[in-house]
Amino acid sequence: MAVETEAILGLLTILSVGIFTPGPNNVTAISHSAVHGARSNVSLLVGMVVGFILVHLIIGLTVEQIDKDSILYSFLEWFGLLFFVLLGVIILRLPIERLSVDENIQRIDYRHGILLQFVNGKEWVFVSVIMIEFLEGFGGGMSGILLITSITTTGGLLSMILWTMIGHKLMDTLRHERRGKVMIRCLAGAIFLFAGLGLVRQLV
């Protein structure tokens, strides 16, 4: 199965944004490990992985059923590009200085990790855009869905482990006046670049 280079780069770009910008998963991982210890996150991360995979399969199978030549599919592709642009703007306007962790979080386990994925709006939009924009580039079908899922799940798990172990240092870096701005601008720039390339592809 041939995988398009553009699809791989696009997937890694949006995955990097998800990994290095705060969201429900990584903020929960930081808060929970800070209050209950890093080992308490093992069960939580297992649940996150299970939920993450289920969300990918649900969205991937749904996207796969849409006719690639339909108006709906074209609309979804344009929606994906617009999302990239809006995401870049949101990242640039992220109120980094007000980011904080919940120091009163209760002890939670794999059940909460699974449930969190189903109520995590950011994740549903991210995965939807990933499947809409890149599934065809990964060969489509169940093999393409599973390949994308394996890549994003591996990256997501490694990032959650990272946020669990050194989350406070990463948050301090993001809050830093100079380093935080550089990181945010690099992530936003990568998103804008990919959106531009996608726009060119759609118009050619």
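Residue numbers (this note's numbering): 6 to 209.
No residue lacks a Cβ here, since even glycine has one placed at the ideal position from N, Cα and C.
If you follow the alpha helix (DSSP H) that residue i is in, where does it begin and where does it stop?
i	result
N46	46-69
I35	29-41
S75	S75 -> no alpha helix (DSSP H), and no H or E assigned at all.
T18	10-25
I137	126-139
Quick one: what does DSSP say residue i is sitting in, helix, strand or coil?
i	result
G144	coil
R183	coil
R3	Residue 3 is absent from the structure shown; the chain starts at 6 and stops at 209.
E82	helix
I196	helix
I150	helix
Q111	coil
R190	helix
Count the other C-beta atoms from every protein chain shown that fall within 10 angstroms of the C-beta of residue i, then say buried if there are 16 or more, exposed otherwise.
i	result
I95	exposed
G201	exposed
T157	buried
I196	buried
N235	Residue coverage of the chain in this structure runs from 6 to 209, which leaves residue 235 outside it and unanswerable.
V134	buried
S38	buried
M147	exposed
G194	exposed
T159	exposed
T154	buried
E9	exposed
Q122	buried
Assuming the contact rule is C-beta atoms closer than 8 Å, residue i and residue j should be a hit. Round their C-beta distance to whole Å, please.
i	j	result
V132	I71	At roughly 15 Å, the Cβ-Cβ gap does not stay under 8 Å, so V132 and I71 are not in contact.
G52	R116	6 Å
L167	V68	About 29 Å separates the two Cβ atoms, so there is no contact after all.
V187	L92	Actually they are not in contact, since the Cβ atoms of V187 and L92 sit about 18 Å apart, beyond 8 Å.
I137	L62	Not a contact, Cβ separation roughly 15 Å.
A210	F143	Absent from the model: residue 210. The displayed extent of the chain is 6 to 209, so no value can be given.
I113	V55	Their Cβ separation, rounded to whole angstroms, is 14 Å, which puts I113 and V55 out of contact at 8 Å.
M165	A43	So it is not a contact: roughly 11 Å between Cβ atoms.
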